[in-house]
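Peer 1:
Numbering (the numbering used here), first residue to last: 293 to 470.
#1: To the nearest angstrom, how far is it from the Cα of residue 331 to the Cα of residue 348?
#2: For the alpha helix (DSSP H) containing residue 319, list its first residue and its last residue.
#3: Of all the options 430, 435, 378, which has the alpha carbon lying nearest to the alpha carbon of residue 396?
#4: Is there contact between the stretch 415-433 and the stretch 387-406, where contact requires at least three CB pairs shorter than 8 Å?
#5: With distances taken between CB atoms, is the gap from residue 329 to residue 350 smaller than 7 Å?
#6: Quick check on DSSP: helix, strand or coil for residue 465?
#7: Rank 442, 421, 358 by C-alpha distance to the C-alpha of residue 433 and give the top, closest one.
#8: Does the Cβ of residue 443 have 16 or more other Cβ atoms within 10 Å, making it buried, or fewer, making it exposed?
#9: DSSP has residue 434 in a bridge; who is on the other side?
#10: Quick check on the burial criterion: 16 or more other C-beta atoms within 10 angstroms. Buried or exposed for residue 467?
#11: Can you tell me whether residue 454 is buried or exposed, with buried defined as 16 or more other CB within 10 angstroms of its CB?
#12: So, is residue 385 buried or exposed, given that buried needs 16 or more other C-beta atoms within 10 angstroms?
#13: Have a look at residue 456 and residue 367 and give me their C-alpha separation to the nearest angstrom.
#14: Spatial neighbours of residue 393 within its chain, please: CB distance less than 6 Å, with the 5 preceding and 5 following residues excluded, ordered by chain position.
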C-alpha cells in the first residue's frame, strides 16, 4: 500500500524538479572577466618587512554563462611556482555571489559569499581562513574585485583586525591580454 507522501516523492529518473538555470544580470557581470590577463601584485608581509611583489597570469572562462572559472600561475616569494583556481557564480536563492579559491601553496579552501556595489563596479567577497597572526585560529577576510575598465581590474584583499577594522594587505592590478 502506498501513502500520499510516497507518491509526492520524486521517482528515479524524474527530472521535473530540475529546471535548467538561466543566466541573470549578476552572471552577465562576471562574464566581463572572461579572457587572458597578466597581473602585478604587492603584498604586505609584516610591519617590519618590505612588501612582496609578484606577477603572473590569469585565464578566466565561463561554464554555461553561469560560472566563472579562473586559473592562475605565478611565483611564491621563494621563487617556487604557484597555481591557483577561483570559481565564481551567483546564487539567486541566496541573492549572493558564491565561489571558492584554492592554490598549490595552501591546504585550505576559501569559500566566498559576496555582494556587488550599487554602481556595479565592485564585487566584495567575504570569506574565512587561517589567521596569519594567530596560528590555529581563523579570521574574516574580504577579496574585492574593482572594475576600472574593460581591460583593467584590481583585486585587493583585506582582513578584519582585532579592533574590528579592515586592514588591506594585498593589491593586484590585472590587465587584459586578450
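Here a beta-carbon is modelled for each residue, glycine too, at the ideal position from N, C-alpha and C.
Peer 2: By the coordinates alone:
#1: Going by the C-alpha atoms only, they are around 5 Å apart.
#2: Residue 319 -> alpha helix (DSSP H) spans 317-323.
#3: Of the candidates 430, 435, 378, 378 places its Cα closest to the Cα of residue 396.
#4: Judged by Cβ distances under 8 Å, the stretch 415-433 makes contact with the stretch 387-406, as three or more pairs qualify.
#5: Taking 7 Å as the Cβ cut-off, residue 329 and residue 350 qualify as a contacting pair.
#6: Three-state result, residue 465: strand.
#7: For the residues 442, 421, 358, the minimum Cα distance to residue 433 belongs to 421.
#8: Label assigned to residue 443: exposed.
#9: For residue 434, which the question treats as bridged, DSSP gives the partners 418, 450.
#10: By the neighbour-count rule (16 or more Cβ atoms within 10 Å), residue 467 is not buried but exposed.
#11: Residue 454 should be labelled exposed.
#12: By the Cβ neighbour-count rule, residue 385 is exposed, with fewer than 16 other Cβ atoms within 10 Å of its own.
#13: The straight-line gap separating the alpha-carbon atoms of residue 456 and residue 367 is approximately 32 Å.
#14: In its chain, beyond the 5 residues on either side, 378, 402 have a beta carbon closer than 6 Å to the beta carbon of residue 393.
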